[in-house]
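Encoded as structure tokens, the structure appears first; notes follow it.
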Amino acid sequence: GENVEQHPSTLSVQEGDSAVIKCTYSDSASNYFPWYKQELGKRPQLIIDIRSNVGEKKDQRIAVTLNKTAKHFSLHITETQPEDSAVYFCAASKETSYDKVIFGPGTSLSVIP
Amino acid sequence: DTGVSQDPRHKITKRGQNVTFRCDPISEHNRLYWYRQTLGQGPEFLTYFQNEAQLEKSRLLSDRFSAERPKGSFSTLEIQRTEQGDSAMYLCASRAGTRNTGELFFGEGSRLTVL
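From first to last, the protein sequence lines are chains A and B. Numbering of the first sequence is given in the numbering used here, commencing with residue 38 and proceeding in unit increments. Numbering of the second sequence is given in the numbering used here, commencing with residue 6 and proceeding in unit increments.
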């Protein structure tokens, strides 16, 4: 089955700097890669996603890149702000069939003012 | 509130007791997922439904765990003979079943503490 790994497990950056979180997946049939943000004590919420027919997607300060050949994808946050502090989870799924969503172990991001 | 709701939010039980959690998904969503999350970890897949059909159950899941979605609406997750290792947050999520609508909408979770 699918296995998703994520690095680093913790990340601390100065406000205004960029943050990069990297994930790898094992199942080459996976074709949908969402990213979720979970603030302390709250539910995970989708912040951005990418499908395998594109290599990059951007939404304001957040971007995601996908390398299908290497089976890895990354989240990039630019101009970080204190409210970006949270745990970020990457995930993988096969949308072409009814399939489960498998999450990585998470990255705890701290943005220092 | 038309989001995913879970009940109870907190449950404290003694080892060996049975517990049941309920999830009410967003009404038009036909996919429903159960995950377990422990401190510092990502959501761990338990099982999921397409309408009332249970499509997959994690191989890591003990036979003490059972889930149902009898009418394709709400779902229940039952844990029999609870063990201390079952202590976790149990998250329910729902998702529309159409292509290109991949977002999972999570509930607030049901936190289980087994003494």
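The beta-carbon is built from N, C-alpha and C at its ideal position, and this holds for glycine as well.
Closest by C-alpha distance to Ile84 (chain B), when choosing among B:Phe70, B:Tyr95, B:Met94, B:Leu65: For the purposes of this step, residue 84 (chain B) is identified with residue 79 of the second sequence, where counting begins at 1. Ile84 (chain B) has its Cα closest to that of B:Phe70, out of B:Phe70, B:Tyr95, B:Met94, B:Leu65.
Three-state secondary structure assigned by DSSP to Asp12 (chain B): The residue labelled residue 12 (chain B) in the question sits at position 7 within the second sequence. The answer is strand: DSSP assigns Asp12 (chain B) an E or B state.
Under 9 Å between C-beta atoms of Glu88 (chain B) and Arg100 (chain B): Locating residue 88 (chain B) in the second sequence gives position 83, where the first residue counts as 1. Locating residue 100 (chain B) in the second sequence gives position 95, where the first residue counts as 1. Cβ distance not < 9 Å, so Glu88 (chain B) and Arg100 (chain B) don't count as in contact.
Local conformation of Glu52 (chain A) per DSSP, three classes: Mapped onto the first sequence, residue 52 (chain A) falls at position 15. Residue state, collapsed to three classes: coil.
Any C-beta of chain B under 9 Å from that of Phe110 (chain A): The sequence position of residue 110 (chain A) within the first sequence is 73, counting from 1. Judged by the 9 Å Cβ criterion, Phe110 (chain A) is not in contact with chain B.
Contact residues within the region 129-144 of chain A, judged by C-beta distance below 9 Å to chain B: Ser130, Glu132, Thr133, Tyr135, Asp136, Lys137, Val138, Ile139, Phe140, Gly141, Pro142, Gly143
Inter-residue Cα distance where the pair is Leu65 (chain B) and Glu49 (chain B): Residue numbering aside, residue 65 (chain B) sits at position 60 when the second sequence is read from its first letter. Residue numbering aside, residue 49 (chain B) sits at position 44 when the second sequence is read from its first letter. Computed Cα separation, rounded: 10 Å.
Given 8 Å, three or more beta-carbon pairs between the region 80-91 of chain A and the region 20-38 of chain B: no
Proximal residues to Val91 (chain A) (C-beta, below 8 Å), its chain only, five neighbours per side dropped: Position 54 of the first sequence, counted from the first residue, corresponds to residue 91 (chain A). Cβ within range, chain order: Leu103.
Coil, strand or helix - Glu108 (chain B) by DSSP: For the purposes of this step, residue 108 (chain B) is taken as residue 103 along the second sequence, with counting starting at 1. DSSP places Glu108 (chain B) in coil when its eight states are reduced to three.
Bridge-paired residues (DSSP) for Val101 (chain A): Sequence index remark: in the first sequence, residue 101 (chain A) carries index 64 (1-based). In the DSSP output, where bridge partners are listed per residue, Val101 (chain A) has A:Lys94, A:Leu112.
Closer than 9 Å to chain A by CB, Gly21 (chain B): Against the second sequence, residue 21 (chain B) aligns to sequence position 16. Closer than 9 Å: no.
Of the residues B:Gly102, B:Met94, B:Ala72, B:Phe110, the one placed nearest Ile140 (chain B), counting alpha carbons only: Because chain B in this structure spans residues 6 to 120, residue 140 (chain B) falls outside the shown range and cannot be described.
Counted within 10 angstroms of its Cβ, other Cβ atoms place Pro71 (chain A) as buried (16 or more) or exposed: Mapped onto the first sequence, residue 71 (chain A) falls at position 34. Counting Cβ neighbours within 10 Å, Pro71 (chain A) comes out buried, since at least 16 surround it.
Three-way DSSP call (helix, strand, coil) for Pro150 (chain A) in this model: Here residue 150 (chain A) refers to the residue found at position 113 when the first sequence is read from its first residue. Correct three-state label for Pro150 (chain A): coil.
Partner residues on chain A for Gly77 (chain B), Cβ-Cβ distance less than 8 Å: Against the second sequence, residue 77 (chain B) aligns to sequence position 72. Ordered by position in chain A, no residue passes the 8 Å Cβ test against Gly77 (chain B), which lies about 14 Å from the chain.
Short Cβ contact (9 Å threshold) for Lys107 (chain A) with Cys60 (chain A): Here the question's residue 107 (chain A) lines up with position 70 in the first sequence. Here the question's residue 60 (chain A) lines up with position 23 in the first sequence. Residue identity differs from the one stated: residue 107 (chain A) is Ala in this sequence, not Lys. Not in contact: Ala107 (chain A) and Cys60 (chain A) (Cβ atoms no closer than 9 Å).
Reference Ile31 (chain B); option with closest CA among B:Val119, B:Thr25, B:Ser80, B:Leu117: As a position in the second sequence, residue 31 (chain B) is number 26, starting the count at 1. Cα-wise, what sits closest to Ile31 (chain B) is B:Ser80.
Top-ranked residue by Cα proximity to Thr144 (chain A), from A:Val101, A:Ala56, A:Ala66: The count along the first sequence starts at 1 and reaches residue 144 (chain A) at position 107. Checked all of A:Val101, A:Ala56, A:Ala66; the closest Cα to Thr144 (chain A) is A:Ala56.
Beta-carbon spacing of Gly112 (chain B), Gln46 (chain B) below 9 Å: Within the second sequence, residue 112 (chain B) is the residue found at index 107, counting from 1. Within the second sequence, residue 46 (chain B) is the residue found at index 41, counting from 1. No.
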